[in-house]
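Visitor: Have a look at the structure that comes next, please.
Numbering (the working numbering), first residue to last: 105 to 758.
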């Protein structure tokens, strides 16, 4: 209980909302430990054995604490297989965080030290007779079963501990906040060993007529027809499979109208595209003095005033959403290690709506992708070619003066000559310079910190805040170089630059994020509020968009702006200019619209000023968007699991 309470306070900054269920679930675990250690009769061995068990449990909690401080979240049981990757690839970050956490880890070790002291003072050890020993095991099982049976008393909706215990879609952090950290890990381990208890899929009750009500009127000569591929007939496809999941997907998409073309359709038709996923890029990196190019690009072009970065960590989650318009698996059963995760698994599937593939097929481009780290990492050397890109990586077409992190400017200098003279180009960059931790161990920080301090002048920014800007100054230099080369080649006017972050900068502490923002951030929503750059030299005045949107919405928006053919029914995201419902979803299923901010962890809603809905209307509104959020997320996972695009393309004549 000490460790549960201590870590909850360290992670959340207070004990507000601490789950009472954690107390119930720690009791059977404690009883199980008594069962394990109680067999040993020899006092010296018994004392050593019981202390060893305590140390093992402490190591688990200490590892969770350090991992959370590095990556911004707890680790799931499914990610234990990547421990070797984490230690080898994040060694310097791990050592740096261990040094910073010595005091906290020392405090967390107190229960072990006190326990050992008591054992030696009283010259005893926890040995029990056979009867009491058997009772300990029975009691452990009974206490766990009792806790599980009591869960419905706290409710069964999607914000309840019951849902966190039984659902395979909930994420590790949300489940741990409901059940307790150790209890959640045991539930995850149970699912991995014995399998998940998934309810059978029901036959869908679909109103096909809904898809036939689309309004194709063309006021002022506008084409408002839906962005769909008419050759795809989901009703017929549903008849060609006996797989209930695939059949349900077909039935669902058959009722969807798709988003319609609009006044912004084809605005960038015939232009070149440079599509950038920025490592740990956020609005906190945009500083008028320290990162002037980022400031310029984010205040010109298409300005998204209500954009949110959905992801807490794992670069490939943000990459996958940005490149496909689909949700990656962020549940506690997912693994985002370099050998797993949705992004690398997609390499084995047909991905006809890959960004590179679409530009190759419809624009005649030779789409290229670049990343200033090893191509094997996260399997980008497989997943990016499957999305239509020819690729260059560190030690595979490019070389760098540093390894971790490497320079975005050096990547840009080596890559721009590859495509700058092409008639049409589509280029994807995954940057690296913005990676944390943001301290003296970071080579990008050390390269730029003096310049950033000079640019900032007198400042109230903390050392870590300045270091974060120093890392992003390398990205700023890369973009300045890119703009310069585009202008020299005469291609600035007909090139579109898109830049969005993969996840928020989890290596920044809460106080440092507040310091950069200039005020205390709300960790439920404000920490995810972000900047997405959609810039073109042809746009002389900014275009402001107030609709709520997030990572998955950028891909369909770009396809519509370029006037490219795609099927909007098959994406979780929505074109931000389309006349449809818009919302931004956070990885834990919280969402934001122009009317409300809904926290999925506790079911609380904060309504916008001036909202005049009745209580019943508000309830219906929340339920509508909860259903949309859950459906689009679960459909994305089903599509990935079933290789759904391959099924559709194999059974459709285009």
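Idealized CB from N, CA, C, for every residue including glycine. In this text the structure is predicted, and so the values were computed from the model without any measurement.
Helix, strand or coil for residue 528, going by three-state DSSP, please let me know.
Guide: coil
Visitor: Can you say whether residue 581 is buried or exposed, counting buried as having 16 or more other CB atoms within 10 angstroms of its CB?
Guide: buried
Visitor: Identify, in the order they occur along the chain, each residue of the same chain with its Cβ nearer than 7 Å to the Cβ of residue 133, setting aside the five sequence neighbours on each side.
Guide: 286
Visitor: Within 8 Å, do at least three Cβ pairs link the segment 641–648 to the segment 657–677?
Guide: no
Visitor: Rounded to whole angstroms, how far is the Cβ of residue 415 from the Cβ of residue 607, which I believe are closer than 8 Å?
Guide: 4 Å
Visitor: Please confirm if the segment 239–250 is in contact with the segment 661–678, defined as three or more CB-CB distances below 8 Å between the two stretches.
Guide: no
Visitor: Please state the DSSP three-state secondary structure of residue 135.
Guide: helix
Visitor: Let's test the definition: count the other Cβ atoms within 10 Å of the Cβ of residue 224 and tell me whether it reaches 16, buried, or not, exposed.
Guide: exposed
Visitor: Over the uninterrupted beta strand (DSSP E) stretch that includes residue 387, give me the two end residues.
Guide: From DSSP, residue 387 is part of no beta strand (DSSP E); its letter is neither H nor E.
Visitor: So for residue 467, helix, strand or coil by DSSP?
Guide: helix
Visitor: Counting only C-beta atoms, is residue 158 closer than 8 Å to chain D at any point?
Guide: Chain labels in this structure do not include chain D; a single protein chain is all it has.
Visitor: Within a Cβ cutoff of 7 Å, which residues of the same chain sit near residue 371, ignoring the five residues on either side of it in sequence?
Guide: The residues are 665.
Visitor: To the nearest whole angstrom, what separates the beta carbons of residue 604 and residue 636, a pair I think is in contact under 8 Å?
Guide: 4 Å
Visitor: First and last residue of the alpha helix (DSSP H) that includes residue 151?
Guide: For residue 151, the enclosing alpha helix (DSSP H) begins and ends at 147–175.
Visitor: Beta-carbon within less than 6 Å of residue 600's beta-carbon, same chain only, minus the 5 sequence neighbours each way: which residues are those?
Guide: 372, 375, 377 and 640
Visitor: State whether the segment 621–633 contacts the segment 680–700, with contact taken as three or more CB pairs (one from each stretch) at a distance under 8 Å.
Guide: yes
Visitor: Could you give the first and the last residue of the continuous alpha helix (DSSP H) run that contains residue 472?
Guide: That residue, residue 472, is in no alpha helix (DSSP H); its beta strand (DSSP E) goes 472–475.
Visitor: Per the DSSP calculation, residue 633 is bridged to which residue(s)?
Guide: 412
Visitor: On a CA-only basis, which of 227, 674 and 341 is nearest residue 152? Give me that one, please.
Guide: 227
Visitor: What is the rounded straight-line gap between the Cα of residue 594 and the Cα of residue 468?
Guide: Taken atom to atom, the span from the alpha-carbon of residue 594 to that of residue 468 is near 20 Å.
Visitor: Look at the alpha carbon of residue 338 and the alpha carbon of residue 363, and state the distance between them as a whole number of angstroms.
Guide: 17 Å
Visitor: Rounding to the nearest angstrom, what Cα-Cα distance links residue 540 and residue 172 in this structure?
Guide: 14 Å
Visitor: If you drop the 5 nearest sequence neighbours on each side, which residues of the same chain put their C-beta closer than 8 Å to that of residue 66?
Guide: The question about residue 66 has no answer, for the chain in this structure spans 105 to 758.
Visitor: Are residue 448 and residue 496 closer than 8 Å when you measure CB to CB?
Guide: no
Visitor: How many angstroms separate the CA atom of residue 712 from the CA atom of residue 701?
Guide: 8 Å
Visitor: Taking C-beta to C-beta, are residue 147 and residue 276 nearer than 8 Å?
Guide: no
Visitor: Determine the burial state of residue 108: buried for a count of at least 16 other Cβ atoms within 10 Å of its Cβ, exposed for fewer.
Guide: buried
Visitor: Between which two residues does the beta strand (DSSP E) harbouring residue 593 extend?
Guide: Unbroken run through residue 593: none, as it is neither H nor E.
Visitor: Just grab the DSSP bridge partners of residue 407 for me.
Guide: 637 and 648
Visitor: Between which two residues does the alpha helix (DSSP H) harbouring residue 279 extend?
Guide: 276–283
Visitor: CB residue 283 to CB residue 265, shorter than 8 Å?
Guide: In this structure, residue 283 lies near residue 265, with their beta-carbon atoms less than 8 Å apart.
Visitor: Buried or exposed, going by whether 16 or more other CB atoms sit within 10 Å of the CB of residue 575?
Guide: buried
Visitor: Could you tell me the alpha carbon to alpha carbon distance between residue 144 and residue 198, rounded to whole angstroms?
Guide: 37 Å
Visitor: Does residue 704 come out as helix, strand or coil in the three-state DSSP assignment?
Guide: coil
Visitor: Taking residue 434 and residue 296 to be in contact with their CB atoms under 8 Å, please state how far apart those CB atoms are, rounded to whole angstroms.
Guide: Not really, about 17 Å apart at Cβ, beyond 8 Å.
Visitor: Nearest CA to the CA of residue 409: which residue from 745, 687 and 598?
Guide: For residue 409, the closest alpha carbon among the candidates 745, 687 and 598 is that of 687.
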